[in-house]
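Trainee: In this note's numbering, the protein residues as written are 681 to 904.
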Amino acid sequence: MTQEQWSAVDRYITDLLVPLDPVLDAVLQSSATAGLPPHNVSPNQGKLLLLLARVQEARTILEIGTLGGYSTIWLTRALPADGCLITLEADPKHAEVARTNIERAKLTDVVELRLGRALDTLPQLAAEGRGPFDLIFIDADKPSNPDYFAWALKLSRRGSLIIADNVVRNGAVINAASDDPSVQGVRRFNELLASSPHVSATALQTVGSKGYDGFAIALVTADQ
Ligand code: SAH
Ligand code: DHB
Ligand code: MG
């Protein structure tokens, strides 16, 4: 199988099951025009996030890694009217593009974007007594994934769902000797999922328009 086939099948799935959405299209357009990296989840992955948040009946969501707000908007659309989503972004330019996109989606009242490195803003959230969150989506710098897992647990309750993007890295995740800090971060994260007594987890490989990667999903099984 080739990238071309994966993309063609993703197009087929998306044409069938993910209705055209002018706002989300504009989000991707404006992100590309602003020179942001194309690291957003794909449309069918965005819808998966929405469906998981709906199954979870999430009212509070924490996202680590906003980029242009594409996954932010998918997740926020799963929330009830009184729900809220907090998204953390370190890059001021990404945050500015995301703010415009969140306005475009008319979600400014529901989304709180916090600018700063997540390892600085997560302790602030905890100090403010925010959380527990019903769903936490980890999708920022991969070397920090082990730290993000620890914070995700702190900001969880029994029944919270923790989802992480990019846990397969084109298959590089099985290379224990990799000198890529992102691969090592993802490996350590997966090992923490395995060893933590507080979660029950699995991971799925994905292929599609975003190449070959994967999601990890963990259910928090004990109160924190
Ligand atoms: N979730 C987005 C994609 C996020 S890409 C989507 O699917 O649409 C990863 C983002 O994490 C980038 O915008 C990057 O600037 C941000 N990031 C990288 N290091 C970070 C850090 N230490 N703290 C917060 N955000 C960070
Ligand atoms: C990268 C980050 C992402 O969140 C993603 O979905 C794809 C790639 C990256 O940093 O390379
Ligand atoms: Mg990602």
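Don't be surprised by glycine CBs; every beta carbon is placed ideally from N, CA and C.
From a predicted model like this one, the values you see are computed outputs, not experimental measurements.
Give me the DSSP bridge partner(s) of PHE817.
Mentor: GLU743, ILE843
Trainee: Can you tell me which residues form a DSSP beta bridge with LEU768?
Mentor: ILE744, ARG794
Trainee: Going by C-alpha to C-alpha distance, which of GLY749, LEU731, LEU696, GLY745 sits closest to LEU704?
Mentor: GLY749
Trainee: Do VAL791 and THR740 have their beta-carbon atoms positioned less than 8 Å apart in this structure?
Mentor: no
Trainee: Between THR746, ARG868, PHE813, ARG779, which has its C-alpha nearest ASP827's C-alpha?
Mentor: ARG868
Trainee: Straight-line CA distance for ASP844 to PHE817?
Mentor: The sequence given here has Ala at residue 844, not Asp. Answer to the nearest angstrom: the Cα atoms are 6 Å apart.
Trainee: Once you ignore the five residues that flank LEU815 on each side, which residues in its own chain have a CB closer than 6 Å to its CB?
Mentor: ALA733, GLN736, ALA738, ILE741, LEU841
Trainee: When the Cα of LEU872 is compared with those of TRP831, GLU684, ARG838, LEU716, which residue comes out closest?
Mentor: TRP831
Trainee: Check whether the Cβ atoms of VAL707 and ASN724 lie closer than 8 Å to each other.
Mentor: no
Trainee: May I have the straight-line CA-CA distance separating ILE897 from ASN846, to the nearest angstrom?
Mentor: 12 Å
Trainee: Starting from ILE753, trace the beta strand (DSSP E) both ways and give me its first and last residue.
Mentor: Where ILE753 is concerned, there is no enclosing beta strand (DSSP E), although the alpha helix (DSSP H) it sits in stretches over 750–756.
Trainee: Which class does ALA874 belong to by DSSP, given the choice of helix, strand or coil?
Mentor: helix
Trainee: Going by CA-CA distance only, name the one from PRO823, GLY715, GLN683 that's closest to HIS774.
Mentor: GLY715
Trainee: Using only the heavy atoms of ligand 2, determine whether one of them is closer than 7 Å to the beta carbon of ASN850.
Mentor: No; taking the cut-off as 7 Å, the Cβ of ASN850 has no heavy atom of ligand 2 nearer than that.
Trainee: Smallest Cα separation from SER875: which of PHE829, ARG837, LEU835?
Mentor: PHE829
Trainee: Less than 6 Å between C-beta atoms, sequence neighbours within five positions excluded: which residues of the same chain meet that for ASP819?
Mentor: GLY745, ASP845
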